[in-house]
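Numbering (UniProt numbering), first residue to last: 1 to 837. Each residue gets a CB set at the ideal place from its N, CA and C atoms; glycine is no exception.
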């Protein structure tokens, strides 16, 4: 029997570590968080020192039971969850559960952390156990409680004042504000015209171009020329002054050094993977998690390829530095190895969380050596991490920039520049990606012909080019992560979750690779910015993050921090509940007057999304409403376009004895014949579609419906159906999977019954139905389990619900425990640790 129990977060990590530790250890996974706040009001009680009510996460109950059974039989327990605040909190929760169940007794409890999953690192960590870091647990508890209190108190205000079903988050809302403000900047932007003038020169060695820097004796700037006529006049003047050639008046040569970028932190890894690989932050963290937890490398077994990917540190261990320097000397020559290791400074104050930078666990394991064992995404990300870490410890690159001034007559000067690499240094391995090219890098790689003062260089032609200033770009994921980090909003490990929340809530959408706020997102941001200004303020949010960091360092207590935040926040929420009506939401925009009725036309956020409205609630007649089409916005729609929406529904004519019409509903434009509805395609304009096209779409849908049933079974509700993702089974309540190697039409009743039993899951029927159906299935299983259990004494009445049964088994938490209990999140995903909003 194993003597020791070690608990990690993920099953993949458990499997790898189990091989390293041997038969004396049982290694189990918690599958992320095991407890979370009760998902209802009152889970955090400000009146009782912010005491927290939490319970086991239902889907992880079986994992907790497995841990409990193993703990009972073990001699000691090792908590090896991830080395961050969330991991510390998970270890604390597990320890508390075991204490409550009386399973610890006098058994030693050890906390160990692994920043890389390699045999050496695991064995070394096991020699350095410590106690659970209470300060980190308190910081996680405070963060979770703050997010809960903001969400449960602010979201209902949004439901009443803007639209039902909305949510607000402590960090999510400032991030949304950032995206919305950028969109407003873009809309307010007015382009300015300007002209540049360039010369094309025909040097005997090679042709090259030069830019005008002085015109008529004055410095030539961006807006010196702002119209075509002036530009043409200047071009002709320059052409005449040059008389077929430009004269070299000055040649300057300057060498400069470019230092390599530091190894990756969580944030810079996310940014660079977005720029260079096109990865989302979520994908980056998922792939990095896999590389960290371990990959099977043939005879070498399963090995973690990178160090822990949630870190703010840019430092490297002495062992890692020595190995990287050996690799550089071996593969790029000793001249590429600096005399001393390069040292980088981190902004992080949290020494307890300051692990190493993200690096390869073994630099000697080159990307080419492991490529065949990795997926394409894993290979790309490992190569990125490996190259960045190796390049960070190489000598600077030496660049030489040559600038040549060339005169056209005595009043006009052009300049040509070129930059060449004298010594590649770190550039032989890696160059950091950039969101935009810096001015000094524009001529990089361009080599000018040899010239000296007094040379006459033949002129091919002078040209004038029109330009317009560009609006600020929308945020890409990389740019948003960079901005959040610069403002100090959130923490790198939370960025993926913040972004996912904004997209999931449909507050933003992706247009290309950039964020565009939706109308609902803009309405929410505007409402919060006007009425809850402090709580979406960048500095306020950043200062609160700093205070949470101070808690993690033991410099500040979490309960006073909570109290300082809660009192003014709660007062403001209560005031706004009473003082605001729906018109205060800021989600309404007056467009003008309807010429037919003389009533006001407005665009606003309605119960079901963006819409336009004729009239007001104060009018005798009820207002008329029309939903916006895809691509339309309440912030930009014109009066004419708004009035067109009220032409719906359009009657197109009659077909098969029934009227055919086209309209716009909650889910977009549709055609209708009788009781049959068919969505219009993207290329169909509801204002222009004709009868023939509408009938085609309706009959196409009817044909799909006719072909939907592949097979039925007399006496059974189970059907074999065609779905949008392929054939499947359904009895109207549950959907089941069909094996890929089976022909759907050949299935027998016995086979489909067995498949439904093994793979059946609740069918999704509209908003919220899946969750409801799932709860019914769980309740049904619970009742069946209760019925099968041995009956207790008649004096004890069996509780009717599973929740009551669980509550009866639990010991009431002490007041002290309630105060110390950090709230748990929904089961922690491998990709990101941010609390849900």
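Spatial neighbours of residue i in its chain, beta-carbon cut-off 8 Å, leaving aside the 5 residues before and after
i, result
"residue 455", "247 and 248"
"residue 159", "165 and 166"
"residue 19", "301 and 302"
Cross-strand partners of residue i (DSSP beta bridge)
i, result
"residue 651", "661"
"residue 401", "254 and 419"
"residue 516", "509"
"residue 670", "663 and 679"
"residue 78", "6 and 110"
"residue 52", "44"
"residue 444", "419"
"residue 465", "196"
"residue 36", "55"
Distance, residue j Cα to residue i Cα
i, j, result
"residue 554", "residue 69", "35 Å"
"residue 711", "residue 733", "17 Å"
"residue 267", "residue 493", "8 Å"
"residue 57", "residue 423", "57 Å"
"residue 452", "residue 255", "18 Å"
"residue 83", "residue 563", "28 Å"
"residue 393", "residue 384", "15 Å"
"residue 465", "residue 143", "54 Å"
"residue 253", "residue 183", "43 Å"
"residue 219", "residue 213", "6 Å"
"residue 509", "residue 153", "26 Å"
"residue 667", "residue 520", "15 Å"
"residue 870", "residue 489", "For residue 870 there is no data in the structure shown, the boundaries of the chain being 1 and 837."
"residue 661", "residue 633", "25 Å"
"residue 547", "residue 132", "21 Å"
"residue 47", "residue 566", "11 Å"
"residue 804", "residue 37", "Residue placement at residue 804 cannot be trusted, given a pLDDT of 39 that sits under 50; the coordinates are not used to answer."
"residue 16", "residue 379", "20 Å"
8 Å contact criterion, which residue i and residue j should meet: CB distance rounded
i, j, result
"residue 644", "residue 696", "Contact doesn't hold; Cβ gap of about 24 Å is too wide."
"residue 171", "residue 527", "With a Cβ gap of about 17 Å, residue 171 and residue 527 do not count as contacting."
"residue 60", "residue 44", "The pair is not a contact, with the Cβ atoms about 21 Å apart (cut-off 8 Å)."
"residue 295", "residue 373", "6 Å"
"residue 111", "residue 79", "5 Å"
Range of the contiguous beta strand (DSSP E) that encloses residue i
i, result
"residue 197", "193-202"
"residue 846", "This structure does not reach residue 846, given that the chain is present from 1 up to 837, and the question cannot be answered."
"residue 132", "Element bounds for residue 132: n/a, residue is neither H nor E."
"residue 16", "Premise fails: residue 16 lies in the alpha helix (DSSP H), 11-21, not in any beta strand (DSSP E)."
"residue 173", "Unbroken run through residue 173 is the alpha helix (DSSP H), 172-188; no beta strand (DSSP E)."
"residue 225", "Here residue 225 belongs to no beta strand (DSSP E), and DSSP marks it neither H nor E."
"residue 568", "No beta strand (DSSP E) holds residue 568; the alpha helix (DSSP H) holding it covers 558-579."
"residue 500", "Residue 500 -> not in any beta strand (DSSP E); alpha helix (DSSP H) instead, spanning 495-504."
"residue 363", "Where residue 363 is concerned, there is no enclosing beta strand (DSSP E), given that its DSSP letter is neither H nor E."
"residue 27", "25-29"
First and last residue of the uninterrupted alpha helix (DSSP H) at residue i
i, result
"residue 839", "Given that the chain is displayed from residue 1 to residue 837, the structure contains no residue 839 and the question cannot be resolved."
"residue 543", "538-552"
"residue 367", "367-370"
"residue 595", "Premise fails: residue 595 is in no alpha helix (DSSP H) and is neither H nor E."
"residue 87", "85-100"
"residue 126", "119-126"
"residue 602", "It is not in any alpha helix (DSSP H) - residue 602 instead sits in the beta strand (DSSP E) that spans 600-606."
Nonlocal neighbours in the same chain, by C-beta distance under 6 Å from residue i, ignoring five residues either side
i, result
"residue 499", "281"
"residue 408", "238, 241, 242 and 246"
"residue 845", "Because the chain is modelled from 1 through 837, residue 845 falls outside the range shown and cannot be assessed."
"residue 194", "222, 223, 226 and 467"
"residue 774", "Confidence is the limiting factor: at residue 774 the pLDDT is only 42, short of 50, which leaves the residue's position unreliable, though a coordinate-based value still follows. Taken in chain order, the residues that qualify are 762."
"residue 146", "170"
"residue 337", "325, 328 and 329"
Cβ-based neighbour list, residue i, same chain, cut-off 7 Å, excluding 5 preceding and 5 following
i, result
"residue 708", "721 and 722"
"residue 427", "397 and 421"
"residue 767", "At residue 767 the pLDDT is 36, less than 50, meaning the model places this residue with poor confidence; the figure from the coordinates comes in the next sentence. Result list for residue 767: empty, nothing under 7 Å."
"residue 137", "88, 89, 92 and 822"
"residue 716", "749"
"residue 606", "625"
"residue 677", "670"
"residue 403", "252, 415 and 417"
"residue 847", "In this structure the chain extends from 1 to 837, so residue 847 is not present and cannot be described."
Contact with chain B by residue i, beta-carbon distance below 8 Å
i, result
"residue 504", "Any reference to chain B falls outside this structure, which holds one protein chain only."
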